[in-house]
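Report on the following structure.
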Amino acid sequence: MGNRQDGVWMQAIACLPEERAAALSRVAEQERIEELRLRCGEAPSVRIGGAERPLSLAPVTADELRETVSRAARYSVHSYAESMRQGFLPLEGGHRLGLCGTAVAENGSVTGVRRISSLNLRVARQIDALDDIIAPYIGEGAPFSLLVLAPPGCGKTTLVREWVRLVSDAGHTTAVADERGEIAGLAEGVPQFRIGRCTDILEGCTKKQAALMLLRTMSPALVAMDEITSPEDIEAVALCAHCGTAVLAAAHAAGPSDLRRRPLYRRLLSLGVFERVLTIEQKDGKRSYRMEKTEGTTC
Numbered sequence: 452m453g454n455r456q457d458g459v460w461m462q463a464i465a466c467l468p469e470e471r472a473a474a475l476s477r478v479a480e481q482e483r484i485e486e487l488r489l490r491c492g493e494a495p496s497v498r499i500g501g502a503e504r505p506l507s508l509a510p511v512t513a514d515e516l517r518e519t520v521s522r523a524a525r526y527s528v529h530s531y532a533e534s535m536r537q538g539f540l541p542l543e544g545g546h547r548l549g550l551c552g553t554a555v556a557e558n559g560s561v562t563g564v565r566r567i568s569s570l571n572l573r574v575a576r577q578i579d580a581l582d583d584i585i586a587p588y589i590g591e592g593a594p595f596s597l598l599v600l601a602p603p604g605c606g607k608t609t610l611v612r613e614w615v616r617l618v619s620d621a622g623h624t625t626a627v628a629d630e631r632g633e634i635a636g637l638a639e640g641v642p643q644f645r646i647g648r649c650t651d652i653l654e655g656c657t658k659k660q661a662a663l664m665l666l667r668t669m670s671p672a673l674v675a676m677d678e679i680t681s682p683e684d685i686e687a688v689a690l691c692a693h694c695g696t697a698v699l700a701a702a703h704a705a706g707p708s709d710l711r712r713r714p715l716y717r718r719l720l721s722l723g724v725f726e727r728v729l730t731i732e733q734k735d736g737k738r739s740y741r742m743e744k745t746e747g748t749t750c
């Protein structure tokens with residue numbers, strides 16, 4: 452099971468208890484791992500190429516899950532109440548720890564998760580190989596609005612990050628509404644990913660709140676955000692469009708036709724904001740990319 456250690460993987464598993472992290476530091480294909488799943492009573496598994504693979508390691512215990520959450524929250528869970536309300540903890544390097552268990556509700560709203568039953572550690576990576584796909588669409592002209600489509604775990608966030616970097620390095624003032632801290636991965640104010648020389652980042656608040664602040668204070672030519680998942684996110688897109696600012700965003704969909712079938716995304720398309728749609732497809736562990744103009748995609 453020995454293997455050359457991958458720095459990104461080692462950074463991601465640093466939030467785990469020492470014994471578990473030591474065992475995972477020896478797994479194979481570390482540089483390809485997209486997610487680590489920890490389920491109480493089951494052996495850990497990793498996601499590679501869109502498919503889960505069980506590891507030949509000891510089952511995960513409830514104590515391990517509790518300790519992992521405490522370590523990820525730097526032993527100050529209350530400091531991360533807002534992100535835990537949304538079901539995750541942000542980690543240094545742009546990694547993210549998703550939480551499952553018993554939801555804690557107050558006045559009809561979820562305020563946190565207790566009795567943790569499983570965790571999903573999403574490993575964030577910078578993939579420069581995307582440059583060849585993105586570069587033909589980046590130039591001296593003003594950025595255009597783009598919606599990135601893919602099922603979960605197919606690299607939407609990674610592509611958004613690399614698009615931001617290339618637009619920014621082309622000299623366009625770019626802003627990132629980094630609600631979950633996954634695009635830039637700020638640590639002490641410093642992005643943990645290369646996201647371009649002309650990029651400003653606001654994280655830790657909703658996309659709508661971030662869009663308002665960024666538009667008022669940073670005069671961006673492009674505002675980037677991650678997955679559109681709520682009506683409030685659509686309001687953030689509309690705010691940018693009303694100010695004449697291009698938008699880069701992502702959505703969970705297998706393609707334009709799948710997008711049009713969903714009421715939330717039909718409302719998004721009705722804004723007429725996005726000039727192009729880029730679909731990421733995955734087959735046999737390999738990804739392909741298809742760019743389309745939005746004629747016929749809007750509702």
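According to the working numbering, the sequence shown holds residues 452 to 750 in order.
For glycine and all other residues, C-beta sits at the position ideal for the given N, C-alpha and C.
Predicted model, so just to flag it, every value in this text is computed and none were measured.
Decide if residue i is buried, meaning its Cβ has at least 16 other Cβ atoms within 10 Å, or exposed.
i: Met452; result: Confidence in Met452 is poor, its pLDDT being 45 and thus under 50, which makes the residue's placement unreliable; the coordinate value appears in the next sentence. So Met452 ends up on the exposed side.
i: Tyr526; result: exposed
i: Ala661; result: buried
i: Ile484; result: buried
i: Glu503; result: exposed
i: Pro707; result: buried
i: Asp735; result: exposed
i: Ser534; result: buried
i: Arg667; result: exposed
i: Pro495; result: buried
i: Lys744; result: exposed
i: Glu557; result: exposed
i: Glu613; result: buried
i: Ala755; result: Absent from the model: residue 755. The displayed extent of the chain is 452 to 750, so no value can be given.
i: Gly723; result: exposed
i: Cys559; result: The sequence as given places Gly at residue 559; Cys does not occur at that position. By the neighbour-count rule (16 or more Cβ atoms within 10 Å), Gly559 is not buried but exposed.
i: Gly622; result: exposed
Have a look at residue i and residue j and give me their C-alpha separation to the nearest angstrom.
i: Leu719; j: Leu597; result: 12 Å
i: Val511; j: Ala593; result: 50 Å
i: Ile584; j: Tyr740; result: 8 Å
i: Asp582; j: Gly632; result: 22 Å
i: Ser476; j: Gly458; result: 10 Å
i: Ala513; j: Glu470; result: 15 Å
i: Ile499; j: Val478; result: 13 Å
i: Val497; j: Leu487; result: 5 Å
i: Cys750; j: Ser721; result: Interpretation of Cys750 is limited by its pLDDT of 47, a score under 50 that renders its predicted location unreliable; the figure taken from the coordinates is listed afterwards. Roughly 6 Å separates the two Cα atoms.
i: Ala586; j: Tyr716; result: 27 Å
i: Arg455; j: Glu480; result: 8 Å
i: Met742; j: Asp651; result: 26 Å
i: Leu690; j: Ala472; result: 44 Å
i: Gly492; j: Gly501; result: 23 Å
i: Ala465; j: Leu610; result: 25 Å
i: Glu482; j: Gln462; result: 12 Å
i: Ala692; j: Arg712; result: 23 Å
i: Asp620; j: Tyr531; result: 33 Å
i: Gln643; j: Gly545; result: 7 Å
i: Ala524; j: Thr657; result: 20 Å
Below 8 Å on the Cβ atoms is my contact criterion, and I expect residue i with residue j to pass it. Report the Cβ-Cβ distance as a whole number of Å.
i: Leu516; j: Ala474; result: No, Leu516 and Ala474 are not in contact; Cβ-Cβ is about 16 Å, not under 8 Å.
i: Val698; j: Val674; result: 6 Å
i: Ala635; j: Glu543; result: Not quite, the Cβ-Cβ distance comes to about 12 Å (not below 8 Å), so this is no contact.
i: Arg536; j: Thr553; result: Rounded, the Cβ-Cβ distance is 14 Å, inconsistent with contact.
i: Val615; j: Gly647; result: 6 Å
i: Glu630; j: Glu654; result: 7 Å
i: Val618; j: Ile589; result: 6 Å
i: Arg522; j: Gly606; result: 27 Å between Cβ atoms; not a contact.
i: Val561; j: Leu540; result: About 15 Å separates the two Cβ atoms, so there is no contact after all.
i: Thr696; j: Pro671; result: 6 Å
Does any residue of chain C bring its CB to less than 8 Å from the CB of residue i?
i: Arg483; result: Absent here is chain C; the protein component of the structure consists of one chain.
So, do the segment 719 to 736 and the segment 621 to 640 have three or more beta carbon pairs nearer to each other than 8 Å?
no
Taking contact to mean at least 3 C-beta pairs separated by less than 8 Å, is the segment 672 to 682 in contact with the segment 695 to 705?
yes
Flag this pair as touching only if the segment 554 to 570 and the segment 601 to 612 have three or more C-beta atom pairs under 8 Å; answer yes or no.
no
Report yes or no: do the segment 541 to 555 and the segment 572 to 579 share at least 3 C-beta pairs separated by less than 8 Å?
yes
Threshold first: 3 residues or longer. Then list the beta strand (DSSP E) segments lying entirely within the segment 683 to 736, N to C.
697 to 703 and 727 to 734
List, from N- to C-terminal side, the alpha helix (DSSP H) runs of 4 residues or more that fit wholly inside the segment 641 to 673.
658 to 668
Note down, one range per segment and in chain order, each alpha helix (DSSP H) of at least 4 residues found wholly within the segment 456 to 501.
458 to 463 and 469 to 475
For the segment 512 to 565, which segments carrying the alpha helix (DSSP H) assignment without a break, of at least 4 residues, lie completely within its bounds, in sequence order?
513 to 523 and 532 to 536
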